[in-house]
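One structure is given here, and the rest of the page talks about it.
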Amino acid sequence: MNKTDLINNISTSSGLTKRDVETVLNGFLGEITDALTKGDKVQLIGFGTFETRKRAARTGRNPQTGEEINISESTVPAFKAGNKLKEAVN
4 MNKTDLINNI STSSGLTKRD VETVLNGFLG EITDALTKGD KVQLIGFGTF
54 ETRKRAARTG RNPQTGEEIN ISESTVPAFK AGNKLKEAVN
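Okay, structure coming up:
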């Protein structure tokens, strides 16, 4: 399912217009992005938690040349599924 499919499904089930659903969805995603950018967690009870994690610096290898390269430390987004979501999937 992509973003368009999600908007169509929510619009059909809620009775809202596609434009309204898209506005809300974009706002939701924007707020999660802003929170993660600030280093905050976004916890949706029963669904899951969006957070950031530090990825340590490491040595990698260029697959074309085999040359070793240094990969610097980075911060990456992460999602941990909640219990209700895990149960629904299983």
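Counting in my numbering, the sequence shown runs from 4 upward without gaps. Cβ atoms here follow ideal geometry from the backbone N, Cα and C, with glycine treated the same way. Bear in mind the structure is a predicted one, so any value in this text is a computation, not a measurement.
Query raised in the report: When burial is assigned at 16 or more other CB atoms within 10 Å of the CB, is residue 24 buried or exposed?
Result: The residue you call residue 24 lines up with position 21 of the sequence shown. Around the Cβ of residue 24, a 10 Å sphere holds 16 or more other Cβ atoms; the residue is buried.
Query raised in the report: Where DSSP assigns a beta bridge to residue 46, which residues make up the other side?
Result: One-based indexing of the sequence shown puts residue 46 at position 43. According to DSSP, which records beta bridges pairwise, residue 46 is partnered with 52.
Query raised in the report: Does the beta-carbon of residue 10 have 16 or more other beta-carbons within 10 angstroms, so that it is buried, or is it exposed?
Result: By one-based count along the sequence shown, residue 10 stands at place 7. Residue 10 comes out buried.
Query - Cα-Cα separation, residue 18 to residue 92 - result: In the sequence shown, counting from the first residue as 1, residue 18 sits at position 15. In the sequence shown, counting from the first residue as 1, residue 92 sits at position 89. Going from the Cα of residue 18 to the Cα of residue 92 covers about 26 Å.
Query - Nearest neighbour of residue 60, chosen from 82, 90, 15 and 75 [CA to CA] - result: Locating residue 60 in the sequence shown gives position 57, counting from the first residue. Selected option, being the one with the closest Cα: 75.
**Report entry** Contact check, residue 52 vs residue 41, beta carbons under 8 Å
**Finding:** By one-based count along the sequence shown, residue 52 stands at place 49. By one-based count along the sequence shown, residue 41 stands at place 38. Residue 41 sits away from residue 52, with the two beta carbons spaced by 8 Å or more.
Query raised in the report: Any idea which residues DSSP pairs residue 81 with across the strands?
Result: Translated into positions along the sequence shown, residue 81 becomes position 78. Note: residue 81 sits in a beta bridge opposite 54.
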